[in-house]
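Here is the structure we will look at, set down as structure tokens.
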Amino acid sequence: MCSILGLFDIPAGQRGLRGIALEASRRQRHRGPDWSGIYVNDRAIIVHERLAIVDIDSGAQPLISPDGQQALGVNGEIYNHRELRSECSDYEFRTGSDCEVILALYRQHGSEFLHRLNGIFAFVLFDEQTGHYLVARDPIGVMPLYYGRDEQGMLWVASEMKAIEPRCAQVRAFPPGHLLDSSNGEIRRWYQPSWRAFERATDPADTGRLRLALEDAVHRQMMCDVPYGVLLSGGLDSSLIAAIAQRFADRRIESDDQEAAWWPRLHSFAIGLEESPDLAAARVAAEAIGTLHHEFHYTIQEGLDALDDVIAHIETFDVTTVRASTPMFLLARRIKAMGIKMVLSGEGADEIFGGYLYFHKAPNARAFHDETVRKLDQLHLYDCLRANKSMAAWGVEARVPFLDLEFLDVAMAMDPSAKMAGPSRPEKALLRESGTGLVPDEILWRQKEQFSDGVGYGWIDTLKAHADREVSDRELLEAEQRFPFNPPATKEQYLYRRIFERHFPSPAAAATVPSGPSIACSTPEALAWDEGFSQVADPSGRAIRGVHQSSY
Numbered sequence: 000m001c002s003i004l005g006l007f008d009i010p011a012g013q014r015g016l017r018g019i020a021l022e023a024s025r026r027q028r029h030r031g032p033d034w035s036g037i038y039v040n041d042r043a044i045i046v047h048e049r050l051a052i053v054d055i056d057s058g059a060q061p062l063i064s065p066d067g068q069q070a071l072g073v074n075g076e077i078y079n080h081r082e083l084r085s086e087c088s089d090y091e092f093r094t095g096s097d098c099e100v101i102l103a104l105y106r107q108h109g110s111e112f113l114h115r116l117n118g119i120f121a122f123v124l125f126d127e128q129t130g131h132y133l134v135a136r137d138p139i140g141v142m143p144l145y146y147g148r149d150e151q152g153m154l155w156v157a158s159e160m161k162a163i164e165p166r167c168a169q170v171r172a173f174p175p176g177h178l179l180d181s182s183n184g185e186i187r188r189w190y191q192p193s194w195r196a197f198e199r200a201t202d203p204a205d206t207g208r209l210r211l212a213l214e215d216a217v218h219r220q221m222m223c224d225v226p227y228g229v230l231l232s233g234g235l236d237s238s239l240i241a242a243i244a245q246r247f248a249d250r251r252i253e254s255d256d257q258e259a260a261w262w263p264r265l266h267s268f269a270i271g272l273e274e275s276p277d278l279a280a281a282r283v284a285a286e287a288i289g290t291l292h293h294e295f296h297y298t299i300q301e302g303l304d305a306l307d308d309v310i311a312h313i314e315t316f317d318v319t320t321v322r323a324s325t326p327m328f329l330l331a332r333r334i335k336a337m338g339i340k341m342v343l344s345g346e347g348a349d350e351i352f353g354g355y356l357y358f359h360k361a362p363n364a365r366a367f368h369d370e371t372v373r374k375l376d377q378l379h380l381y382d383c384l385r386a387n388k389s390m391a392a393w394g395v396e397a398r399v400p401f402l403d404l405e406f407l408d409v410a411m412a413m414d415p416s417a418k419m420a421g422p423s424r425p426e427k428a429l430l431r432e433s434g435t436g437l438v439p440d441e442i443l444w445r446q447k448e449q450f451s452d453g454v455g456y457g458w459i460d461t462l463k464a465h466a467d468r469e470v471s472d473r474e475l476l477e478a479e480q481r482f483p484f485n486p487p488a489t490k491e492q493y494l495y496r497r498i499f500e501r502h503f504p505s506p507a508a509a510a511t512v513p514s515g516p517s518i519a520c521s522t523p524e525a526l527a528w529d530e531g532f533s534q535v536a537d538p539s540g541r542a543i544r545g546v547h548q549s550s551y
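Just so you know, numbering that gives the first Met the number 0 puts 55 at position 56 of the sequence shown, and the rest follows in order with no gaps.
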């Protein structure tokens, strides 16, 4: 986890931008507290704040090509960098950084190399020789990236909106799986897997193949030169990731498992209110898996006290995201205090396998598959944003094996009818079946709990009560006048919007936050699956009546 800031299309003769760029980059330095670097050219500036995870000694950025002609700033990890390095024998690598392979590939293929990367990344690359620059983001948008132009027409690019929002009249989230090549000035999609089409998702539902693909993904993403751990909520997804990681923890991944691991004991982390369902389940999972488990508690008041900081860091007022980000933000601080710099997390499984409880209402396999694709398209606005920015607030990197590109190609190409839930078949049954023997059955077949529910049902209930005290009936009635764009419909929404506005007052900032249906973050298409959905404003999983065992 790092941060990048790029400044391009600089007018001729412009002076004083180095200090301005450094000041803007400082606003996101929490993402990379280990070192700062800057590249300055008459036509481009790249600033990098580093969180050292791989190649601690020589991997500082911006990375410069051997002849000094190209400069690169990356926020991310390239998991297949060693395979790609072997194909670039004519390039003189200067570091052990996994990200330097991007420079080598660019020199070989120009901008046509992104499909070869398996990783999570956002990067800016400037070519002094041609004067061109590239801006790109990973396929799912695990790593955040924003862009905008200032009054002089300069392009600003940054890992977090807060770095550039004060300078740009318009700020947008850079779309996942897209590339901006200044040679033509267009932002174009480079990631277009065949499984997006329902007609191409025809592979047999092979649980053995699915499990092997997940094991390979976890193994790849354990690439690390610093102490790491796993997030273990006690749910299916995090428990599977933790169980697989434990199997590889005693060997060093970067040596092809030939050397003993530098930190062989796998640590797991969970947080919740006292007596939360997640904490109880996490204890069971950790004991069975054999991790060194750390259970942290927070009080409701501590959560309320953190709301302002949470919204400032995650840069959204989406209700579900704020609810779930708060305990994750508090957990990240405890993890950082223990000297851990990277954690594996379980985001993405619900989108791939239809794990949200409203998927029980899917009318057919096509609707189910199309909704999983739409959910993956939106993931950068919700769970990826939450996991990344909540952890990055304290300089911790979150990796997500379920969103590994090779695993996605296997899982999303499988027949969606085999993923569907039914009266006697729970959500994510295919994934559960693939994990047989990895975790106890009580974890393997536990009902889906959204993270904001699982930390303790009292958390959401108190947030609603707190918002009711903080926001008057009159304020909510006049919400549309105060917030013409995407006006809040509940007091809880209003409270988060008000906090967000204090940190990010421009209309452009509010426009980066998604609007639309709230029920479990479903899409308009999914709302048509059940007439009752249109009556529900609360995005908690417990709002799905007839499915969640504690629905209200």
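Idealized CB from N, CA, C, for every residue including glycine.
So who's on the other strand from residue i, going by DSSP bridges?
i: Y227; result: M341
i: M221; result: DSSP, once it has assigned bridges, lists no residue as partnering M221.
i: L588; result: This structure does not reach residue 588, given that the chain is present from 0 up to 551, and the question cannot be answered.
i: S2; result: E48
i: I63; result: A70
i: Y146; result: V156 and R171
i: A135; result: F122 and L178
i: T489; result: DSSP lists no partner for T489.
i: V39; result: I44
i: M413; result: D202
Going by DSSP, what residue range makes up the beta strand (DSSP E) through residue i?
i: Q69; result: Q69 to I77
i: E294; result: L291 to H296
i: I9; result: Note, I9: premise wrong, no beta strand (DSSP E); not H, not E.
i: L154; result: L154 to A157
i: D180; result: H177 to D180
i: I186; result: E185 to R188
i: E396; result: E396 to R398
Cα separation between residue i and residue j?
i: R187; j: Y105; result: 17 Å
i: R468; j: I310; result: 19 Å
i: I9; j: M153; result: 6 Å
i: R166; j: G436; result: 54 Å
i: L443; j: I288; result: 13 Å
i: G130; j: Q68; result: 10 Å
i: R332; j: A279; result: 21 Å
i: A248; j: L213; result: 15 Å
i: P483; j: G345; result: 36 Å
i: C87; j: S232; result: 41 Å
i: W155; j: R398; result: 26 Å
i: Q365; j: L291; result: With the sequence shown as reference, residue 365 is identified as Arg, and Gln is not the correct amino acid for it. Their backbone Cα atoms lie some 42 Å apart in a straight line.
i: S110; j: P138; result: 15 Å
i: R115; j: E164; result: 32 Å
i: G95; j: I55; result: 9 Å
i: V283; j: P439; result: 8 Å
i: A525; j: E370; result: 7 Å
i: R28; j: I334; result: 18 Å
i: A23; j: E198; result: 46 Å
i: H266; j: H218; result: 16 Å
i: D277; j: A244; result: 20 Å
Assign residue i to one of three DSSP states: helix, strand, or coil.
i: Q169; result: strand
i: R501; result: helix
i: D202; result: strand
i: F247; result: helix
i: W34; result: strand
i: Y355; result: coil
i: H47; result: strand
i: V53; result: coil
i: L380; result: helix
i: G564; result: Nothing about residue 564 can be read from this structure; the chain reaches only from 0 to 551.
i: A510; result: coil
i: R424; result: strand
i: M419; result: coil
Tell me the residue span of the alpha helix (DSSP H) that contains residue i.
i: W561; result: Given that the chain is displayed from residue 0 to residue 551, the structure contains no residue 561 and the question cannot be resolved.
i: V409; result: L404 to A410
i: G18; result: L16 to R25
i: K335; result: V318 to A336
i: D440; result: D440 to L443
i: E524; result: P523 to L526
i: A478; result: A478 to R481
Beta-carbon of residue i versus every beta-carbon of chain D: anything under 8 Å?
i: E286; result: In the structure shown, chain D cannot be found, because there is only a single protein chain.
Which runs of the alpha helix (DSSP H), 4 residues or longer, sit entirely within the stretch 253 to 314? 276 to 288 and 299 to 313
Can you list the alpha helix (DSSP H) stretches of 4 or more residues lying completely in the stretch 84 to 132, in chain order? 100 to 108
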